[in-house]
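Data block below; observations after.
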Amino acid sequence: MRIDVLTLFPEVFEPFFSSSIIGRARSAGQVVIDCHNIRDYSSDPHRKVDDRPYGGGPGMVLQCQPVFDSVAAVERMSAAPAHRVVLTPRGERLTEVLVRRLSHEPRLLLIAGHYEGFDERIFLGLRPHEISIGDFVLSGGEAAAMVLVDAVVRLLPGVLGADDALHEESFADGLLEYPQYTRPREYADMSVPDVLLAGDHGKIAEWRRAAALELTKKRRPDLLERGGTEMVAG
Ligand code: ADE
């Protein structure tokens, strides 16, 4: 997969995209990620990318020209057709189902805005897939783009090891994850459940399933009502 990110702050992405699982996936060639500065495509002599909203109101609005021109230039950098995404609180809610769908795309082009918003003609002209990471407002789409990339890249073939993949399966059944323990057996008067120490793998699987179900019932009963489809499909 190829991922292009269009942003006014490419420097905030680099450390995140170079670390941990995403960094490893890039080094292994499982994903190519490139960040591009929208400002580099501004035709304004002062590299301006935003202006005050028509009709008045607070804040600044991202202008059409730098966004349209940066999208066109970046799309020309590779022959693969890009699935265009704009990160915005008014978009479709990001779920594991949507993440799975996106993980099958050959190429994602993510547009992360800042300021008060985008000129509406950016949506009308580019027809992007508008995606929100939740019902709250961030100061920009950068953190949302990082969330999306993280969730997608870990699903790409070969990115997670065999152990992680098994773990993934246990999450994909639509339940919250079961509680985990590691050494020591006792810590501050809290002990590890006996069943996890006895080595009976059938019993351990049974305990984990029951514990996951109990946690899901308590914390996210909505997942059970939906039959876990948010997690399973895709
Ligand atoms: N930009 C600002 N808030 C956002 C959100 N909740 N999701 C995606 N992009 C955003």
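Under our numbering, the first residue of the sequence shown is numbered 8, with each subsequent residue one higher.
No residue lacks a Cβ here, since even glycine has one placed at the ideal position from N, Cα and C.
Only a predicted model underlies this, so the values are computations on that prediction, with no experimental measurement involved.
Same chain only: Cβ atoms within 8 Å of residue i, ignoring 5 sequence neighbours per side
{"i": "F75", "result": "I129, G132 and L133"}
{"i": "R204", "result": "Contrary to the premise, residue 204 reads as Leu rather than Arg in this sequence. Taken in chain order, the residues that qualify are R192."}
{"i": "A218", "result": "Y185 and P186"}
{"i": "D58", "result": "M67, V68 and Q70"}
{"i": "R46", "result": "L15, R54, V56 and P73"}
{"i": "V78", "result": "L13, R91, L116, I118 and L133"}
Which of helix, strand or coil DSSP assigns to residue i
{"i": "R100", "result": "strand"}
{"i": "F20", "result": "helix"}
{"i": "S77", "result": "helix"}
{"i": "A240", "result": "Unreliable placement is indicated for A240, whose pLDDT of 44 sits below 50; the coordinate value is still reported in the next sentence. A240: coil per DSSP, three-state reduction."}
{"i": "H208", "result": "helix"}
{"i": "D41", "result": "strand"}
{"i": "D57", "result": "strand"}
{"i": "E112", "result": "coil"}
{"i": "L230", "result": "helix"}
{"i": "L94", "result": "strand"}
{"i": "E123", "result": "coil"}
{"i": "L69", "result": "strand"}
Per DSSP, the bridge partner or partners of residue i
{"i": "N196", "result": "The residue asked about is misnamed: residue 196 is Asp in this sequence, not Asn. D196 is not bridged to any residue."}
{"i": "T189", "result": "Per DSSP, none; premise fails for T189."}
{"i": "R9", "result": "V39 and R114"}
7 Å CB neighbourhood of residue i in its chain, flanking five on each side removed
{"i": "S110", "result": "V159, L162 and L163"}
{"i": "P65", "result": "E123"}
{"i": "I211", "result": "V202 and L203"}
{"i": "R190", "result": "none"}
{"i": "V19", "result": "E149"}
Other residues of its chain near residue i: CB distance less than 6 Å, five sequence neighbours each side excluded
{"i": "E82", "result": "A89"}
{"i": "F24", "result": "I40"}
The stretch 137–152 / the stretch 87–101 touching (three or more Cβ pairs under 8 Å): With the cut-off at 8 Å, the stretch 137–152 and the stretch 87–101 touch.
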